[in-house]
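Since the structure comes first, as structure tokens, the remarks are kept for the end.
Residue numbers (my numbering): 69 to 344.
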């Protein structure tokens, strides 16, 4: 799958340090966990500072879709599905976020897990999935793919735009610079989107190296991409409010009145919710 150990690559570094960063060797009171937190924080700062305009534009596009009566879908294969799923039926999130589900490709619950990686490379699967989904012209699809090089995310974006959907791609542009596309066109996800948000994750998706560990470890793509997705939803929420539209927010079911609140919101937006 897009973010599994099957990916080749990784960044060279001084053993025991966060990869790609100039640091002194760790001291006795410094742990691998400290290095990972530092690496993740640095990446979050990079996307905050470098992708802020794209995130705001993505939030505006999401808000415009909701305001116009459109529906919103998010998709990711393998571990890229986790940030998509984190926005669906989520306390503090928009009720209208839906997962575009492609059985076997979303998540790592399929056995063998390697089947998911294989499905990402199957031509034609994206078209079949879209044709079987409720997505239609005027809707918005967010496609999450770390590498953006496999057939499934590329064809999802291509076919969605052909159907009249707007497409936001969240991907690492480093992969398009440093790898070859696996799609017959030689293109990447980034080439078929109305808007691209760069997750700034380096090739290999592993932030640490250490003596005695044969491969780079500690991936941060889920942390960063989940933050990007929540930032986009936050921007959309405030954009809707500025338009004078009460955002269809969900509340936690573990606070008093939460279930009743959510039932009212989901009833009001029943024609745009597909997870009930």
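For every residue, glycine included, the Cβ atom is placed at its ideal position computed from N, Cα and C.
Backbone CA spacing between residue i and residue j [nearest angstrom]
i: residue 194; j: residue 99; result: 43 Å
i: residue 113; j: residue 103; result: 15 Å
i: residue 315; j: residue 309; result: 6 Å
i: residue 210; j: residue 148; result: 11 Å
i: residue 145; j: residue 313; result: 32 Å
i: residue 334; j: residue 344; result: 9 Å
i: residue 91; j: residue 340; result: With a pLDDT of 48 at residue 91, under the threshold of 50, the modelled position of this residue cannot be trusted; read the value that follows with caution. So the alpha carbons of these two residues sit roughly 49 Å apart.
i: residue 198; j: residue 342; result: 14 Å
i: residue 303; j: residue 293; result: 15 Å
i: residue 89; j: residue 271; result: Low per-residue confidence applies at residue 89: pLDDT is 47, beneath 50, and the placement is therefore not dependable, though the value from the model is reported in the following sentence. If I take the Cα positions, the gap works out to 15 Å.
i: residue 325; j: residue 241; result: 43 Å
i: residue 138; j: residue 318; result: 18 Å
i: residue 336; j: residue 219; result: 37 Å
i: residue 166; j: residue 142; result: 6 Å
i: residue 176; j: residue 185; result: 10 Å
i: residue 281; j: residue 105; result: 19 Å
i: residue 230; j: residue 239; result: 21 Å
i: residue 222; j: residue 162; result: 26 Å
i: residue 273; j: residue 299; result: 21 Å
i: residue 109; j: residue 115; result: 10 Å
i: residue 73; j: residue 277; result: Reliability of the predicted coordinates at residue 73 is poor, the pLDDT of 40 falling under 50, and no value is obtained from them.
i: residue 332; j: residue 170; result: 29 Å
i: residue 279; j: residue 286; result: 14 Å
Boundaries (first-last residue) of the alpha helix (DSSP H) holding residue i
i: residue 117; result: 100 to 118
i: residue 199; result: 193 to 199
i: residue 184; result: 182 to 187
Limits of the beta strand (DSSP E) - the one that residue i falls within
i: residue 326; result: Note, residue 326: premise wrong, no beta strand (DSSP E); alpha helix (DSSP H) at 326 to 336.
Cβ pair residue i, residue j closer than 8 Å
i: residue 187; j: residue 172; result: yes
i: residue 311; j: residue 128; result: no
i: residue 266; j: residue 236; result: no
i: residue 301; j: residue 122; result: no
i: residue 196; j: residue 233; result: no
i: residue 275; j: residue 107; result: yes
i: residue 182; j: residue 297; result: no
i: residue 59; j: residue 213; result: Past the boundaries of the shown model lies residue 59; the chain is included only from 69 to 344, so the question cannot be answered.
i: residue 160; j: residue 268; result: no
i: residue 180; j: residue 252; result: no
Per DSSP, cross-strand counterpart(s) of residue i
i: residue 142; result: 167 and 210
i: residue 308; result: Residue 308 is not bridged to any residue.
i: residue 174; result: 146
i: residue 162; result: 317
Open item on the list: Ignoring anything shorter than 3 residues, give me the beta strand (DSSP E) runs that lie fully in the region 222 to 298, in order along the chain.
Closed with: 234 to 239 and 263 to 266, all fully within the region 222 to 298.
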